[in-house]
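Heads up: the sequence shown runs through residues 4 to 684, numbered per our numbering. All C-beta atoms in this analysis are idealised placements derived from N, C-alpha and C, irrespective of residue type, glycine included.
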Amino acid sequence: MTHPFYAIHSHGLIRVAAATPRASVGDTGANAEATIALAREADAKGVDLVVFPELNLTSYAIDDLHLQTAQQRATLAAIATVVEASATLRPVLLVGAALVRNGRLYNCALAFARGRVLGVVPKTFLPNYREFYEKRWFASGAGMTGLTIDLNGEDVPFGTDLIFAARDLPGFVFHAEICEDYWAPTPPSTAGALAGALICCNLSASNIVIGKARDRAMLAAAQSARAVCAYVYSAAGPGESTTEVAWDGQGLIHELGEQIAESERFATEPELVVADVDCERIMQERLRTGTFNDAAIFAGNPETRFRRIAFDHAPVLADSGLERAIRRFPFVPNDPARRDDDCYEAFNIQVEALSKRLVSAHAETIVIGVSGGLDSTHALIVAAKAMDRLGRLRTNILGFTMPGFATGEGTKANAWALMRALGITAEEIDIRPAATRMLEDIGHPFSEGEPVYDITFENVQAGLRTDYLFRLANQRRGIVLGTGDLSEMALGWCTYGVGDQMSHYAVNSGVPKTLIQFLIRWCIRTDQYDAATDAILSTILAQEISPELVPAGADGALQSTESMIGPYALNDFFAHYVIRHGLAPSKIAFLAWHAWRDANVGAWPEDLPADARVAYDLPTIRYWLEKFLYRFFTTSQFKRSAMPNGPKVSAGGALSPRGDWRAPSDGIATAWIEELRSSVP
Numbered sequence: 004m005t006h007p008f009y010a011i012h013s014h015g016l017i018r019v020a021a022a023t024p025r026a027s028v029g030d031t032g033a034n035a036e037a038t039i040a041l042a043r044e045a046d047a048k049g050v051d052l053v054v055f056p057e058l059n060l061t062s063y064a065i066d067d068l069h070l071q072t073a074q075q076r077a078t079l080a081a082i083a084t085v086v087e088a089s090a091t092l093r094p095v096l097l098v099g100a101a102l103v104r105n106g107r108l109y110n111c112a113l114a115f116a117r118g119r120v121l122g123v124v125p126k127t128f129l130p131n132y133r134e135f136y137e138k139r140w141f142a143s144g145a146g147m148t149g150l151t152i153d154l155n156g157e158d159v160p161f162g163t164d165l166i167f168a169a170r171d172l173p174g175f176v177f178h179a180e181i182c183e184d185y186w187a188p189t190p191p192s193t194a195g196a197l198a199g200a201l202i203c204c205n206l207s208a209s210n211i212v213i214g215k216a217r218d219r220a221m222l223a224a225a226q227s228a229r230a231v232c233a234y235v236y237s238a239a240g241p242g243e244s245t246t247e248v249a250w251d252g253q254g255l256i257h258e259l260g261e262q263i264a265e266s267e268r269f270a271t272e273p274e275l276v277v278a279d280v281d282c283e284r285i286m287q288e289r290l291r292t293g294t295f296n297d298a299a300i301f302a303g304n305p306e307t308r309f310r311r312i313a314f315d316h317a318p319v320l321a322d323s324g325l326e327r328a329i330r331r332f333p334f335v336p337n338d339p340a341r342r343d344d345d346c347y348e349a350f351n352i353q354v355e356a357l358s359k360r361l362v363s364a365h366a367e368t369i370v371i372g373v374s375g376g377l378d379s380t381h382a383l384i385v386a387a388k389a390m391d392r393l394g395r396l397r398t399n400i401l402g403f404t405m406p407g408f409a410t411g412e413g414t415k416a417n418a419w420a421l422m423r424a425l426g427i428t429a430e431e432i433d434i435r436p437a438a439t440r441m442l443e444d445i446g447h448p449f450s451e452g453e454p455v456y457d458i459t460f461e462n463v464q465a466g467l468r469t470d471y472l473f474r475l476a477n478q479r480r481g482i483v484l485g486t487g488d489l490s491e492m493a494l495g496w497c498t499y500g501v502g503d504q505m506s507h508y509a510v511n512s513g514v515p516k517t518l519i520q521f522l523i524r525w526c527i528r529t530d531q532y533d534a535a536t537d538a539i540l541s542t543i544l545a546q547e548i549s550p551e552l553v554p555a556g557a558d559g560a561l562q563s564t565e566s567m568i569g570p571y572a573l574n575d576f577f578a579h580y581v582i583r584h585g586l587a588p589s590k591i592a593f594l595a596w597h598a599w600r601d602a603n604v605g606a607w608p609e610d611l612p613a614d615a616r617v618a619y620d621l622p623t624i625r626y627w628l629e630k631f632l633y634r635f636f637t638t639s640q641f642k643r644s645a646m647p648n649g650p651k652v653s654a655g656g657a658l659s660p661r662g663d664w665r666a667p668s669d670g671i672a673t674a675w676i677e678e679l680r681s682s683v684p
């Protein structure tokens, strides 16, 4: 596929690799050959940047041989060999070598691009403790700025003040540091990131001892989170001298604190671990994090001191696949342990938030409408747990099922079964007589027997339910507990003001629909309630999502929410990347297509039912994304601008106008829809 939409470079993604060549004990010729072999493999895989281990051309563990003239000259020859080979290769190569400058030997990272040496970065922090004695051989690069080095007759930028940037590929901006540098309290990559580098790289010869791999991963994760960047780490592997130490060849790629790729450690063959890092996402995160800019100011604006070394990368806008896992459910981890941790936190955030609101409001009761659907079910079980935690009786929860013109017997039965199982006070109020009277009073055709099921018909029912709940709360010294979720708020799928958009406390407003389903499953799996409650929760999970405001058609089919507003799985995917990351619609479509186009590829959350493991093609994704954009940016913000209090639950964001999301109620979606239409085939 040749349309630019299918190319990672159209979407701010840069393909990086951590390389683990077979090392030698000082054989620079062999090291050069091993480097070139992996560089060619990276070229074939469409990689943009390859990070090799520390001193991979010279060799690391050769001790005093570093100080031998023959070794130093051999290193220069190896550099020339690799530079020449790079002329016909796409990737920029970051290689390690020891270089002499002005009577000192430096442990360096060298950047090669298309037969050119872009620059040389010396190591700042030299370990000289435990098994390390680098100060015996090397000089620190601290303070070495604005300098050059003669490299095989060419004057090349030299110093710790270098970042490298492609002229023709926005976002491809990287910085290099070496091993101990990121173990220091003040890693050089922090200044590099503050100066504008989006990808920070570490050439390392870190030897392996028990537990050290975890420490490296922790540091890479922490630095990528703290410096708001991608972090590519490559440690020396097999072939280095094992006279006193051993090597595992760990390769890591992190982005904003999350590991997105890792090599096989102790591999017997050379290895190249590849991933696409999202530089647009990193840039958007920096725009959202004022502390990042403050840090740059407090550090004296490093960009004024760094030299930006420009190069031409000549990106090819063609389909090269996608080398990163995209979660189909951004709010739900695929890993069972992480999923359960997230569910534990989300559930308890809601319970704690509601408990505090009950105490601060001096409320004796909770009034809640129970429909038998997902949202009211989840709000009710949160309320039950809050009462338990406060040491109050569950009978102080007043649950009302309020059947209307389209309420199904199944959902009403589920509502009653759930209320009984939880032991709350349960009542039923039939809203049909009051709804009929209101429709008569306003002259609606339904009151004359006509089958007119318009928005007025629907909202009369939704509004009456909320009206009853508020008056019941007045009467019984309680608060109305909202049941609407984040997904519905994003789509504006709620009745404004006198409907389900309003409550005294919106406990679900920070929880998307897809997460609610997993939270209920988590409650079942972890025995939060008794067997009778678990049984009815399982039944509710299995039913069709429906507002039940319009009577079933002649075929008996119930009103389907997802047939009208789109699959919640897609809508939650769209919402995450719009609210949390602010990505362009074409980028969101690209990610969604890779995540959803083949149900048999990629991971699924473990307890997702088999019939929910579906695929969506690009036309379907584009269709529903346009609908989402229109609803989100044009038609629904006025509802969010007036939404009641409710706890933020996910780092993916919330929609409260007092929190994460602030937007004009009279905005339009034109810019987003035009970008989608013009950029997606």
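Per DSSP, the beta-bridge partners of Pro-160 are Thr-151. Note: Thr-368 is bridge-paired with Gly-481 in the DSSP secondary-structure output.
Gln-478 and Met-422 have their C-alpha atoms spaced approximately 21 Å apart. Within the stretch 48-74, the runs of beta strand (DSSP E) at least 3 residues long that lie entirely inside it are, in chain order, 52-54. Between the C-alpha atoms of Val-50 and Pro-94 there is a straight-line separation of about 6 Å. Between the alpha carbons of Ile-527 and Ser-541 lies a gap of roughly 8 Å. In this structure, the alpha-carbon of Lys-651 lies about 14 Å from that of Ile-519. Judged by DSSP secondary structure, Ala-674 falls within the alpha helix (DSSP H) whose first and last residues are 673-682. Membership of Pro-588 in the alpha helix (DSSP H) is indicated by the continuous run 588-599. Its chain contains Pro-588, Ser-589, Ala-592, Arg-625, Leu-628, Glu-629 and Leu-632 as the residues whose beta carbon lies nearer than 8 Å to that of Leu-679, once the 5 sequence neighbours on both sides are disregarded; these appear in chain order.
Checking the DSSP bridge columns, you'll see Val-95 partnered with Leu-52. By the C-beta density criterion, Lys-642 is buried, having at least 16 other C-beta atoms within 10 angstroms.
Counting C-beta pairs closer than 8 Å gives three or more between the stretch 508-525 and the stretch 348-367, which meets the contact rule. Pairing Ala-216 with Leu-255 gives a Cβ-Cβ distance that is not under 7 Å.
Three or more Cβ pairs drawn from the stretch 359-378 and the stretch 393-401 lie within less than 8 Å of each other, which places the two stretches in contact.
Look at Ala-409 here: in three-state DSSP terms it is coil, with no helix or strand label.
Following the DSSP letters along the chain, one finds Gly-293 inside the alpha helix (DSSP H) bounded by residues 293-301.
Counting only runs of 3+ residues, the beta strand (DSSP E) found wholly inside the stretch 407-450 occupies 428-431, in chain order.
Sequence-distant Cβ neighbours of Val-159 in its own chain, meaning closer than 7 Å and more than five residues away, are Val-120, Gly-122, Val-123, Thr-151 and Ile-152.
By alpha-carbon distance to Ala-328, the top candidate from Ala-416, His-257, Leu-96 and Met-567 is His-257.
If you ignore the 5 residues before and after Ala-142, its C-beta comes within less than 7 Å of the C-beta of Arg-107, Leu-108 and Tyr-109, all in its own chain and listed in chain order. Per the C-alpha coordinates, the member of Ala-35, Thr-486 and Ala-230 positioned closest to Ala-382 is Thr-486.
Taken through DSSP and simplified to helix, strand or coil, Pro-241 comes out as strand. Ranked by Cα distance from Ala-598, the first of Ala-194, Ala-618 and His-316 is Ala-618. By the CB criterion at 7 Å, Ser-237 and Phe-55 fall inside the cutoff.
For the stretch 196-237, the full-length beta strand (DSSP E) segments reaching 3 residues or more read 202-207 along the chain.
The C-beta of His-14 has 16 or more other C-beta atoms within 10 Å across all chains shown, which makes the residue buried.
For Ile-329, the three-state secondary structure derived from DSSP is coil. Put simply, the stretch 317-328 does not touch the stretch 195-209. Fewer than three CB pairs are less than 8 Å apart.
According to the DSSP assignment, Cys-111 belongs to no alpha helix (DSSP H) but to the beta strand (DSSP E) extending over 107-116. For Gln-520, the enclosing alpha helix (DSSP H) begins and ends at 516-528. According to the DSSP assignment, Glu-247 belongs to no beta strand (DSSP E), since it is labelled neither H nor E. Rounded to whole angstroms, Asn-574 and Ser-62 show a C-alpha spacing of 52 Å. Just so you know, the alpha carbons of Tyr-185 and Thr-193 end up roughly 9 Å apart. Judged by DSSP in its simplified three-state form, Phe-473 adopts helix. Around the beta carbon of Ile-482, 16 or more other beta carbons lie within 10 angstroms, which makes this residue buried.
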